[in-house]
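Here is the structure we will look at, set down as structure tokens.
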Amino acid sequence: MPPGWDGIETIDSIIQVDRDIQIVICTAYADYVWEDIHEKFGARDNILFMRKPFDSTEVQQLACTLSEKWNLARQARMKVDELEAIADKRTRELQTSNSELQDAMRDLRRTQVQLIQSEKMASLGSMITGVAHEINTPIGAVASMHGTRVLAMDKLRTILEEDCAEDDPRLKKLEKMMKVIGEANRVISSGTERVTTIVKRLDDLLSSDDGRWRIVPIASNSTGTGAKFKFKPDPDGETQIYASSSWWLYGRQNYEMGAKNIKLPNNLIVSAIANYRIMPEERFYGYGMASTERDLLFYKYEYSDFSLAVGEQVDPHFRILGYGSFRVNNIHRTAKAPSVNVWVGDDVLNMVTGGMRVELNTVPNPAKPTGGTVMVWDLARHDDFYVGYGKLGKYWQVYNERVIYCDIEGSYIGANGSRLGLPFYDYPTLGGAENLRGYQRDRYRGDSLVAGTFEYRFPLRDIWGESGLDFHIFTDWGQVFMEDADNLNGNPQIGYGFGFDAWNSNASGIAFDVGFSREGVMVYLSMGL
0 MPPGWDGIET
10 IDSIIQVDRD
20 IQIVICTAYA
30 DYVWEDIHEK
40 FGARDNILFM
50 RKPFDSTEVQ
60 QLACTLSEKW
70 NLARQARMKV
80 DELEAIADKR
90 TRELQTSNSE
100 LQDAMRDLRR
110 TQVQLIQSEK
120 MASLGSMITG
130 VAHEINTPIG
140 AVASMHGTRV
150 LAMDKLRTIL
160 EEDCAEDDPR
170 LKKLEKMMKV
180 IGEANRVISS
190 GTERVTTIVK
200 RLDDLLSSDD
210 GRWRIVPIAS
220 NSTGTGAKFK
230 FKPDPDGETQ
240 IYASSSWWLY
250 GRQNYEMGAK
260 NIKLPNNLIV
270 SAIANYRIMP
280 EERFYGYGMA
290 STERDLLFYK
300 YEYSDFSLAV
310 GEQVDPHFRI
320 LGYGSFRVNN
330 IHRTAKAPSV
340 NVWVGDDVLN
350 MVTGGMRVEL
360 NTVPNPAKPT
370 GGTVMVWDLA
380 RHDDFYVGYG
390 KLGKYWQVYN
400 ERVIYCDIEG
410 SYIGANGSRL
420 GLPFYDYPTL
430 GGAENLRGYQ
440 RDRYRGDSLV
450 AGTFEYRFPL
460 RDIWGESGLD
470 FHIFTDWGQV
480 FMEDADNLNG
490 NPQIGYGFGF
500 DAWNSNASGI
510 AFDVGFSREG
520 VMVYLSMGL
């Protein structure tokens, strides 16, 4: 061969690129003997060796055979890969089935434990009912005979005093004996009343309205109003809990405070279980309605994983199973003339024991703002905690109905001597259409919050009458602060995007926003401006 790579080195380089290529060595020289080639490449099925002279027909047949061999090898590899993929899929399906089977076994064991517990409680209830009945019978007889005995002793005392002279020494002994008997009667009467009260409480605990409900009183709230819980098993074996007081059903919701999250009656649940040692099933569900500054929310929630023993603190876990919301006009920003609203005092429905709200609104028409200021300062105090909220927003008309809007807001929650700690769902939240577009609703949570908005808005066209369609671009930023909050790396979160506002002169409309952030794209559809 010419200077440079020889045939063996060329073949070696080709094999490094494609190890499945079929090679035929054709040579008339004896530069390499077969032993050298075998030592170089080893025993391979894709290298053949031919010496000149050779027949062209033989070469053609050899080429066809090797090509077909290459095709068959390629098909075999594809089949092997396909079988491996099928095996991997079957393995994953088996793993999933195994996981589902394990979950089913855990549910079965849990159901078995619940069934055993229910049977034990039913047996205990039957036993307590029988014991209460057996106690009631002799206690009733004792109480009845006690009154008869008191009357008989009074008559006996009168008769003996009439038969004895005033200086009779036996009269003093009689007086002492009557005092002892009277004290014994009082002790018997007190004990009988106490046993009767205990039996009545047991009967109240085991009695029900329809044969399935159990009604248990809980501690009074801050306003002195009592409430009751009703426990009822549903067809799926879960335990639902309802409240007979309307303010509990609505929960701790307060749009006056300006907080953007759902308020929940966590402290009432903890109080009921801690004070009365009520141990429900592993979870129970409830339904509620709450309002924020601009939304009405209807939600279903779940409490689970209760743990309570002597000296332990109740630690229930709360989870929102699903909710729907409906946005309404902001009641604090619909005035068509400058206004100042002040709210001071108690709010029984929301369990606020004191607070103050001051609002300044100089926006002539919130549906089509061309200038003005919105300022809100809010402070509310509960028995267990307090919440502060502030917001300052400003509109500037720059040119031909083009408007720039900026605002900054902050919120803080602190303990008010509560031994149970701050309720988790009363913490300020960041994320969503309210204060940080581009992120999920309530994405971040902390005990304090600061957020701001910059928005540029300009009209697109008038639709009909005093209605129109506007376009806006925005940038939102915010930060929550808390030692155990989500890891924000010390930097504020930023979202940006664009949107459309369809409005009318009645200060109502629809807002459509598209927000972008480092977590992706979020779309928001809101009613009200």
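0 is the number of the first residue of the sequence shown in numbering that gives the first Met the number 0; add one for each residue after it.
Glycine residues also receive a C-beta, built at the ideal position from the N, C-alpha and C atoms.
None of the values given here were measured: they were computed from a predicted structure.
Inter-residue spacing [alpha-carbon to alpha-carbon] between residue i and residue j
i      : j      : result
Val215 : Glu192 : For Val215, the predicted structure reports a pLDDT of 34, less than 50, and the residue's modelled location is therefore unreliable. A value from the coordinates is still provided. Approximately 22 Å between the Cα atoms of the pair.
Trp502 : Leu107 : 56 Å
Pro52  : Ala62  : 17 Å
Ala432 : Tyr443 : 13 Å
Trp4   : Asp11  : 10 Å
Asp54  : Ala75  : 32 Å
Ala84  : Leu100 : 24 Å
Gln116 : Ile197 : 24 Å
Ile24  : Thr9   : 11 Å
Glu118 : Arg148 : 44 Å
His91  : Asn97  : In the sequence as presented, His is not what sits at residue 91; that position holds Arg. Each residue's Cα considered, the two are about 10 Å apart.
Ser525 : Trp476 : 20 Å
Ile46  : Ile22  : 5 Å
Glu81  : Ser66  : 23 Å
Ile158 : Leu150 : 13 Å
Ala379 : Ser189 : 48 Å
Cys163 : Met126 : 54 Å
Glu400 : Gly467 : 12 Å
Ser410 : Phe480 : 10 Å
Arg156 : Met177 : 8 Å
Arg425 : Phe384 : Looking at the sequence provided, one finds Asp at residue 425 rather than Arg. Going by the C-alpha atoms only, they are around 9 Å apart.
Met104 : Arg73  : 46 Å
Glu518 : Thr428 : 17 Å
Thr56  : Asp44  : 22 Å
Per-residue DSSP class, three states only, for residue i
i      : result
Asn360 : strand
Trp69  : helix
Glu400 : coil
Ile85  : helix
Arg380 : strand
Lys51  : coil
Pro368 : coil
Glu8   : helix
Asp441 : coil
Asp106 : helix
Cys63  : helix
Ala334 : Because the pLDDT of Ala334 is 33, which lies under 50, any placement of that residue in the model is unreliable, and the number read from its coordinates should be weighed accordingly. If DSSP states are grouped into helix, strand and coil, Ala334 belongs with coil.
Met481 : coil
Ile20  : coil
Glu99  : helix
Glu408 : strand
Val80  : Before going on, a small fix: residue 80 reads as Asp here, not Val. Three-state result, Asp80: helix.
Asn503 : strand
Glu174 : helix
Ala510 : strand
Glu165 : coil
Ala450 : strand
Pro458 : strand
Asp44  : coil
Same chain, Cβ closer than 6 Å to residue i, five either side skipped, listed in chain order
i      : result
Phe453 : Cys405, Thr474
Ser516 : Gly437, Tyr438, Gly494
Val522 : Val513
Lys393 : Thr372, Cys405
Arg456 : Val402, Asp469, His471
Gly389 : Trp376, Gly409
Closer than 8 Å to chain B by CB, residue i
i      : result
Thr452 : No chain B appears in the structure shown, which is made up of a single protein chain.
Other residues of its chain near residue i: CB distance less than 8 Å, five sequence neighbours each side excluded
i      : result
Glu160 : Leu170, Leu173
Gly602 : Since the first residue shown for the chain is 0 and the last is 528, residue 602 is missing from the structure and cannot be characterised.
Ile36  : Ile7, Ile24, Ile46, Phe48
Ile13  : Ile20, Ile22
Ile138 : Thr191, Val194, Thr195, Val198
Assumed close pair residue i, residue j - CB separation to whole angstroms, cut-off 8 Å
i      : j      : result
Val449 : Gln478 : 6 Å
Gly430 : Asp441 : 6 Å
Val194 : Ile134 : 7 Å
Trp69  : Asp19  : 7 Å
Asp469 : Leu459 : 6 Å
Chain-order list of residues whose beta-carbon lies under 7 Å from that of residue i (same chain, five-residue window excluded)
i      : result
Gln15  : none
Gly496 : Arg436, Gly437, Phe473, Asp512, Val513, Gly514, Phe515
Gln396 : Thr369, Gly370, Val402
Ala510 : Gly498, Asp500, Ser525, Leu528
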